[in-house]
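Read through the structure below, which is laid out as structure tokens, and then see the notes.
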Amino acid sequence: MAKPIRIALIHGSIREGRFCDTIVRWAAREIDNHDAFELDIVDPSPLFPPPTDEPPIESAAIDIQRRLHRADAFLVATPEYNHSFSAPLKHLLDSVYGVWQAKPVAFISYGGVSGGLRAVEQLRLVFAELHTATIRQVVSFPNAPEQFDQQGYPREPERAARNLAKLLAQLGWWAKALRQARQEEAYASVS
Ligand SMILES: Cc1cc2nc3c(=O)[nH]c(=O)nc-3n(C[C@H](O)[C@H](O)[C@H](O)COP(=O)(O)O)c2cc1C
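Be aware that the sequence shown starts at 45, since it is given in the numbering used here, and climbs by one per residue.
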């Protein structure tokens, strides 16, 4: 069997009580059904400890950097805040170096009426600067809390699973192609 594609599934919110947990848990359950993928859930929260705690920021950053470096592909679960993505997600993208280049990125978005799609469009610009390839297929949940039941399961599970499967097929295709390309020639030679 081919080596599994390592996906880093990234929390786009660190807010207390974040809906992001529901989205990430659902995506993780679905991805577990696909043999082609190996999942690592990356939560940027440790980069932002409460001010009273001893700040383990450096070790948290090193841990996150190492895990993102190992990933073949990224899947970002992003909310929309004021027509954009969250500041903590931007901080993650700005502060972790050397892990993004020549890898594909896909998005699951959620929020109010726009389903987080405006955040995704802005993230595409940022990820282009990081030398990544963003995937066309997006799984979007408008008015997200209405789309999930109390246990955190989508009210239309087949549709959500179908959309995610299409996203994973595209992400997997690009991840395989780019992994091969990185092995043949380090992207650093052209970046
Ligand atoms: C500061 C703030 C700004 C928001 N702005 C938007 C917005 O512009 N468009 C939208 O659709 N939803 C907006 N929302 C709704 C969020 O997308 C929604 O509450 C989402 O669940 C937030 O993600 P989280 O719970 O994982 O932090 C906003 C929420 C907050 C807290």
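Yeah, the Cβ is synthetic: ideal placement off N, Cα and C, and Gly gets one too.
None of the values given here were measured: they were computed from a predicted structure.
Alpha-carbon to alpha-carbon, PHE185 and THR122:
Between THR122 and PHE185, the C-alpha separation is close to 10 Å.
Test item: CB-CB of GLY56 and PHE171 under 8 Å
Note that the C-beta distance between GLY56 and PHE171 is not below 8 Å.
Look at the Cβ atom of SER89, then the Cβ atom of ILE58, and state whether they are nearer than 8 Å.
Yes, they are a contact pair.
How far does the beta strand (DSSP E) with HIS135 in it extend, from its first residue to its last?
Per DSSP, HIS135 lies in no beta strand (DSSP E); the unbroken alpha helix (DSSP H) holding it starts and ends at 131-139.
Less than 6 Å between C-beta atoms, sequence neighbours within five positions excluded: which residues of the same chain meet that for GLU173?
Counting only Cβ-Cβ distances below 6 Å, and skipping sequence neighbours, we find nothing.
When the Cα atoms are used, what is the spatial distance from PHE192 to LEU161?
Taking the straight line joining both Cα atoms gives about 18 Å.
How would you label VAL164, buried or exposed, when you count the other beta carbons within 10 angstroms and need 16 or more for buried?
VAL164 counts as buried, since at least 16 other C-beta atoms from the protein chains shown sit within 10 angstroms of its C-beta.
Is SER158 near ligand 1, in the sense that its beta carbon is under 7 Å from a heavy atom of that ligand?
In terms of side-chain proximity, the C-beta atom of SER158 is found nearer than 7 Å to a non-hydrogen atom of ligand 1.
Quick one, which of PRO93, ILE152, TRP144 has its alpha-carbon nearest PRO132's?
Of the listed residues, the one whose Cα sits closest to PRO132 is PRO93.
Could you round the C-beta distance between HIS113 and VAL143 to whole angstroms and report it? I think they count as a contact, below 8 Å.
Rounded, the Cβ-Cβ distance is 5 Å, consistent with contact.
Would you say GLU165 touches ligand 1, meaning its beta carbon is less than 7 Å from a heavy atom?
Answer for GLU165: no, Cβ out of range of ligand 1.
Identity of the residues DSSP links to GLU82 by a beta bridge
Bridge partners of GLU82: ARG50.
Residue nearest to LEU136 in terms of C-alpha spacing, selected from GLY159, SER158, GLU102:
Nearest to LEU136 by C-alpha distance, out of GLY159, SER158, GLU102, is GLU102.
Rounded to the nearest angstrom, what separates ALA177 and TRP70 at their Cα positions?
Taken atom to atom, the span from the alpha-carbon of ALA177 to that of TRP70 is near 24 Å.
Go ahead and label ASP138 buried or exposed: buried means 16 or more other beta carbons lie within 10 angstroms of its beta carbon, across all protein chains shown.
By the Cβ neighbour-count rule, ASP138 is exposed, with fewer than 16 other Cβ atoms within 10 Å of its own.
Apart from the five residues just before and just after ALA204, which ones in its own chain have a Cβ nearer than 6 Å to its Cβ?
Sequence-distant Cβ neighbours of ALA204 in its own chain, meaning closer than 6 Å and more than five residues away, are PRO198.
Going by other Cβ atoms of all chains shown within 10 Å of its Cβ, with 16 needed for buried, is GLY159 buried or exposed?
It is buried - the Cβ of GLY159 has at least 16 other Cβ atoms within 10 Å.
Secondary structure of SER89, DSSP reduced to three states
Here SER89 carries a helix assignment [DSSP, helix/strand/coil].
In DSSP terms, what VAL183 is bridged to:
VAL183 pairs with ILE152.
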